[in-house]
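Undergrad:
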Amino acid sequence: MKPYFRHLLAALIVVICGLFGWWIVRDLRESVSRRVVVRPSAEPQARIAPHTVARSKPSVRDEFHDGTTVEIFGSRQPDEVILRFPSDESFSAFLFAAGQSNIEVVDQLDRLRAVRLRYDDREDLTLLLMGENITTYDSVPSAPSPGPVNGSAQDGLVGFGNGLLPWLGITSDHSKWGAGVKIAVLDSGIVPHPDLPGLVKSIEIVPFPQDINKTHGHGTAVASLIAGVDASAPGVAPAAQLISIRISDESGQADSFAMAAGILAAVDSGADLINISMGTSVDNPLIAEAVIYAQNHHALIVASSGNSEQSDSTYPAAYPSVISVGSVDARGEHLDFSNYGTFLSVTAPGYAVNAAWPGNRYTRISGTSASAPIVTGAIAATMSNGTGVKMSASQAAEIVMKYSDEAGISGPDSEYGAGILNVGRIMTRAISGIVDAAITDQRIVATGAGDQIQITIQNRGTAILVNTLLEISTPFGNRQFNATTLAPGAVQTFTMPVLLNGIPKDSPIEVNSKLTLGTIGRDITPYNNQRSDSLYLR
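In terms of this note's numbering, the sequence shown opens at residue 3 and continues consecutively.
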């Protein structure tokens, strides 16, 4: 090629590159109103280590399965908002655009494609999200309001006080239960306390107050029911290692970003179990994705069902992979305020239970917030019972459900789930010859064929029960039934037809029943071999 043409070609290339660069700058200026350097925010202690996400504009517009391009979640802070994106590409593109705007990126969860933003003018956020197909989620997770301690939930409630362990069937040394099990408590934070020597790590998604003794005591109380060592507030698995993850403020409120970040931090810390004694009434996809992340990394979540006396699902308790826990009092009665429904896994003590509190104090707490950590402790104890043998959290949870005491209608039900937690049965399941019969439920049932009184019994021991006699006494007459053979764990329901026409619904019907064993041996819990109830028409 001649020199003249080489120089001409070089000049043309320079002109074309200049025009291309001018076009890019013009496009950027038209798409972003103005460029503002984002102020670097202090990185929280619980910052989740992100994977590398390239900061580039995507060539396609990504959507969630419902066509949404951006999900927006309410924040516990009024000047903040939480966003989630369907792909890494759309997430990185938004971060690029946010960096050119007046919006401050406070924190981000790259693994979940979520970001927390702060703004001074809502219009800045509106401009940034112009043209997006948005779905909003306004609920803010919070600790359930504690159930009443003085009996106003329903008549005749009986509290546990410091009698939790014997009620659960824990009557011998259990100091090694939970050894080697890591349990993350996502809550208001665990404050150092003499009852909690197992606290090994503290992570702050939400900062503690300057005076740590002014910390909301909910998290400390919850932790003591898992691993408390003092006789004033004993826990079920005192040898377990506790990881405090503070996700809620002094009002007991968190948000979906804090909860999701807490779940990721728990997984990163190697937690086997994650206790969440809080929730929201609305299915939250950001929390749901974090729950799936925990499940995929073999961390089991246990959560409270809530105290709003509703059959509506509470999240994260209602997610299929989560163990959802409701409450009973010391009579084994389902507490009226305890949420119920098909999502419920199991029930446990939740009324006037002794617990630790900041300032080296103790208190009594009620509600499903108390019940969930008791089940968490039971799973930890089953995983590691002091013999040196350890099983997985999912294996232990199956055992905890299997050996729960039958309650309510036969089989899993909406009030009791699989039943009421019984740690004694769990720990003695391999000991043969234990005799333990129980009357579990008495109720009146209206059917198409007429009214019935139904009595349910269960073999809670390890010996086969043979020829167990059930005697029923009612205002309509007496009946006897024989349970010919009842295998360990088996349940049987007997029905007695009755005529209830003309009986007012507010008139009690007294039903008394009694079990007489045909199997040789002493029943280890003879008190539940007889039962008296005042039943009402439903």
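From the three backbone atoms N, C-alpha and C, an ideal C-beta is built for every residue, glycine too.
Keep in mind that this is a model prediction, so the values were computed, not measured.
Taking the alpha helix (DSSP H) that residue 427 falls in, what are its first and last residues?
TA: Note, residue 427: alpha helix (DSSP H), 425-429.
Undergrad: Quick check: the Cα distance between residue 268 and residue 160, rounded to an integer number of angstroms?
TA: Computed Cα separation, rounded: 35 Å.
Undergrad: Are there 16 or more other CB atoms within 10 angstroms of the CB of residue 489, so buried, or fewer, so exposed?
TA: Its Cβ having fewer than 16 others within 10 Å, residue 489 is exposed.
Undergrad: Return helix, strand or coil for residue 387, following the three-state DSSP convention.
TA: Residue 387 falls in the coil class under three-state DSSP.
Undergrad: Taking all protein chains shown into account, decide if residue 449 is buried (16 or more other Cβ within 10 angstroms of its Cβ) or exposed.
TA: Exposed: under 16 other Cβ atoms inside 10 Å.
Undergrad: Return the chain-ordered list of same chain residues with a C-beta closer than 8 Å to the C-beta of residue 51, the five sequence neighbours on each side being excluded.
TA: Confidence at residue 51 is low in this model, with a pLDDT of 35, below 50, so the placement of that residue is unreliable and no value is reported for it.
Undergrad: Using three-state DSSP, classify residue 179 as helix, strand or coil.
TA: Three-state result, residue 179: coil.
Undergrad: Quick one: measure Cβ to Cβ for residue 290 and residue 308, integer angstroms, because I've assumed they're closer than 8 Å.
TA: Not quite, the Cβ-Cβ distance comes to about 17 Å (not below 8 Å), so this is no contact.
Undergrad: Out of 79, 74 and 537, which has the shortest C-alpha to C-alpha gap to residue 115?
TA: Among 79, 74 and 537, the Cα nearest to that of residue 115 is on 74.
Undergrad: Closer than 7 Å by C-beta to residue 342: which residues in its own chain qualify, once you throw out the five before and the five after it? Chain order, please.
TA: The residues are 313, 328, 416 and 417.
Undergrad: Considering just the uninterrupted stretch of the beta strand (DSSP E) at residue 304, what are its terminal residues?
TA: Counting along the chain, the beta strand (DSSP E) containing residue 304 begins and ends at 302-306.
Undergrad: Report back the beta-carbon spacing between residue 326 and residue 351 to the nearest angstrom; my notes put them in contact at under 8 Å.
TA: With a Cβ gap of about 16 Å, residue 326 and residue 351 do not count as contacting.
Undergrad: Strictly by DSSP, which residues pair up with residue 499?
TA: In the DSSP output, where bridge partners are listed per residue, residue 499 has 454.
Undergrad: Tell me whether the beta-carbon of residue 202 lies closer than 8 Å to the beta-carbon of residue 222.
TA: Cβ atoms of residue 202 and residue 222: not closer than 8 Å.
Undergrad: Tell me which residue opens and which closes the beta strand (DSSP E) that residue 184 is part of.
TA: Here the beta strand (DSSP E) through residue 184 covers 184-189.
Undergrad: In terms of DSSP beta bridges, what is residue 535 paired with?
TA: Note: residue 535 sits in a beta bridge opposite 513.
Undergrad: Between residue 198 and the rest of its own chain, which residues show a CB-CB distance below 7 Å, the 5 nearest in sequence each way excluded?
TA: Around residue 198: 192, 225, 226, 229, 230, 244 and 358.
Undergrad: Classify residue 509 as buried or exposed, calling it buried when 16 or more other Cβ atoms lie within 10 Å of its own Cβ.
TA: Per the 10 Å Cβ criterion, exposed.
Undergrad: So, at 6 Å on beta carbons, what are the nonlocal neighbours of residue 323 in its own chain, with the 5 sequence-adjacent residues on each side left out?
TA: Hits under 6 Å: 297.
Undergrad: Please return the same chain residues whose Cβ sits closer than 8 Å to the Cβ of residue 34, not counting the five positions on each side in sequence.
TA: At residue 34, the pLDDT of 30 sits below 50, so the modelled position is not reliable; the number obtained from the coordinates is stated separately. For residue 34, where only same-chain residues beyond five positions count, the Cβ hits under 8 Å are 99, 102 and 103.
Undergrad: Just list the beta strand (DSSP E) runs in the region 336-422, keeping only unbroken ones of 3 residues or longer that don't cross its boundaries, in chain order.
TA: Here the runs fully enclosed are 348-351, 355-359 and 363-367.
Undergrad: Cutting at 8 Å between CB atoms, please list the residues of its own chain near residue 119, excluding the five before and the five after it.
TA: Same-chain partners within the cutoff: 82, 83, 84, 85, 100, 105, 106, 107, 108 and 127.
Undergrad: Please list the terminal residues of the continuous beta strand (DSSP E) segment that includes residue 482.
TA: Here the beta strand (DSSP E) through residue 482 covers 479-488.
Undergrad: Rank 361, 133 and 404 by C-alpha distance to the C-alpha of residue 421 and give the top, closest one.
TA: Of the listed residues, the one whose Cα sits closest to residue 421 is 404.
Undergrad: Three or more C-beta pairs under 8 Å: does that hold for the region 372-388 against the region 121-138?
TA: The region 372-388, when compared against the region 121-138, does not touch it at the 8 Å Cβ threshold.
Undergrad: Let me confirm a value: residue 218 is counted as buried when at least 16 other C-beta atoms fall within 10 Å, else exposed. Which label applies?
TA: Label assigned to residue 218: buried.
Undergrad: Quick check on residue 391: buried or exposed, where buried means 16 or more other Cβ atoms within 10 Å of its Cβ?
TA: It is exposed - the Cβ of residue 391 has fewer than 16 other Cβ atoms within 10 Å.
Undergrad: Am I right that residue 371 and residue 145 are in contact with their C-beta atoms under 8 Å? What's the rounded C-beta distance?
TA: 6 Å between Cβ atoms; contact.
Undergrad: Excluding the 5 residues flanking residue 524 on each side, which residues of the same chain have their C-beta closer than 7 Å to its C-beta?
TA: 437.
Undergrad: Please tell me whether residue 461 and residue 484 are closer than 8 Å, where the distance is taken between their beta carbons.
TA: No. Outside cutoff.
Undergrad: Could you give the first and the last residue of the continuous alpha helix (DSSP H) run that contains residue 99?
TA: Residue 99 -> alpha helix (DSSP H) spans 90-100.
Undergrad: Taking residue 443 as part of the beta strand (DSSP E), name the residues at either end of that continuous run.
TA: Element bounds for residue 443: 439-449.
Undergrad: On the criterion of 16 or more Cβ atoms from any shown chain inside 10 Å, does residue 251 qualify as buried, or is it exposed?
TA: It counts as buried.
Undergrad: Measuring alpha carbon to alpha carbon, tell me which residue in 77, 526, 377 and 249 is nearest residue 1.
TA: Absent from the structure is residue 1, since the part of the chain shown begins at 3 and ends at 540.
Undergrad: Mind checking residue 444: buried by the 16 CB within 10 Å criterion, or exposed?
TA: Residue 444 is buried by the Cβ-count criterion.
Undergrad: Please identify the residue among 379, 339, 396 and 394 whose C-alpha is closest to the C-alpha of residue 368.
TA: Here the closest residue by C-alpha is 339.
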